[in-house]
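With our numbering as the guide, the letters of the sequence shown map in order to residues 112 to 369. Note that CB positions come from ideal geometry on N, CA and C, so glycine has one too. See below for the structure under consideration.
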Amino acid sequence: MALLLAATAVDTAAQARDKAFQREFMLNAEIVKAERIGKGVTEPWRLTLSDGTVTHDVGFQSVNERRDQARLGGRVELGFTDAYRYNIAAYQVSGLLGLDDMMPMTVERRWRTTPGAMTWWVDDVMMDEAARLADRRWADDLDVFNRQYARMQVFAELVYDTDRNHGNILYDADWNLWMIDFSRAFRIWEELQAPAGLNRCDADLLGALGDLTRDQVEQQVGPYLTGGEVDALMARRDLLVLHFEELIAERGEAAVVR
């Protein structure tokens, strides 16, 4: 009996890591518990879901705010938007680029009649980026760590994320980097925020960026991004590819594509 229970527990854990299962579970499982999360300015919730066999937590964010302007950290942003739909769009775009292993599954679901972004709760979180920097901790495998960090930086530029703060970067017990909360992304500016900080991009991601088409993007994010937001995304894609092409010409491929 003990062996059977152990095998069942392993099977259930493996099932819970499957993306297709996560999606169906999040869309259909019963919400059995809710608590407000202390972190974040968008009033997120931590919900517990259960389908009778698997029980797992998710984050729920329903923010949908638009202002003519907002003062953020000493700067003023015109046409400020903070919206849950951007979390869903970011996850969908990450899948097109092969980065969905760095973002938890995110779907749209209603809770208490309110639509919002529901995000799989990352298991075994060890720390966020703020704690890592405070403790001066580094992964044992710096090559993998640096590759993940560079991927995050490129993605944040692509989607023009204005809130990639240290609380939105998580590390699990295996030092996998997880990107969360993109509710302030997808600005309509056809420029990069900080291209000087982009020094490397691996071949897989650079190839995926080059191959990305507007049709692919629209098929995935149609309900969540406006035409202008997609225009800006594709313009930034072009700028990113050009940026790395110029770096390769200047420094050599081995120094940039790694």
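Burial state of residue i, where buried means 16 or more other Cβ atoms lie within 10 Å
i	result
GLN172	buried
ASP322	exposed
GLU340	buried
VAL174	buried
THR337	exposed
Nearest-angstrom Cα separation, counted from residue j out to residue i
i	j	result
LEU353	ILE359	10 Å
VAL367	ASP193	34 Å
TYR335	MET290	19 Å
TRP286	LEU244	14 Å
MET345	THR164	42 Å
ALA319	GLU135	27 Å
PRO215	TYR202	8 Å
ARG275	PHE293	8 Å
TRP300	ALA241	28 Å
PHE191	GLU361	37 Å
ALA365	ARG128	35 Å
THR273	GLU329	22 Å
THR166	ILE148	19 Å
PHE355	LEU288	23 Å
Residue i (DSSP reduced to helix, strand or coil)
i	result
PRO226	strand
ILE280	strand
ASN139	helix
VAL352	helix
THR297	Per the sequence presented here, residue 297 reads as Phe, with Thr not at that position. Residue state, collapsed to three classes: coil.
ARG275	coil
GLN304	coil
SER173	coil
MET216	coil
ALA365	helix
ARG247	coil
GLU188	strand
GLU154	coil
LEU207	helix
LEU160	strand
ASP342	helix
Residue of the options minimising C-alpha distance to residue i
i	options	result
ARG369	ASP212, ASN139, PHE132 and ALA314	ALA314
THR159	VAL233, ASP254 and PRO226	VAL233
LEU267	GLN327, SER205 and ALA284	In the sequence as presented, Leu is not what sits at residue 267; that position holds Ala. For ALA267, the nearest C-alpha among the options comes from SER205.
CYS312	TYR195, MET229, LEU351 and ARG221	LEU351
TYR282	ARG248, GLY339 and ALA131	ARG248
ARG295	MET213, ASN257 and ARG178	ARG178
GLU219	ALA200, GLU364 and ARG325	ALA200
LEU208	GLU340, GLY333, GLN327 and GLU356	GLN327
SER161	GLU154, ASN175 and ALA145	ALA145
PRO226	GLN126, ALA343, LEU210 and ARG196	ARG196
ALA343	THR324, LEU309, GLN126 and GLU302	GLU302
8 Å Cβ cutoff met for residue i and residue j
i	j	result
GLN133	TRP231	yes
TYR260	ARG298	no
ARG157	MET213	no
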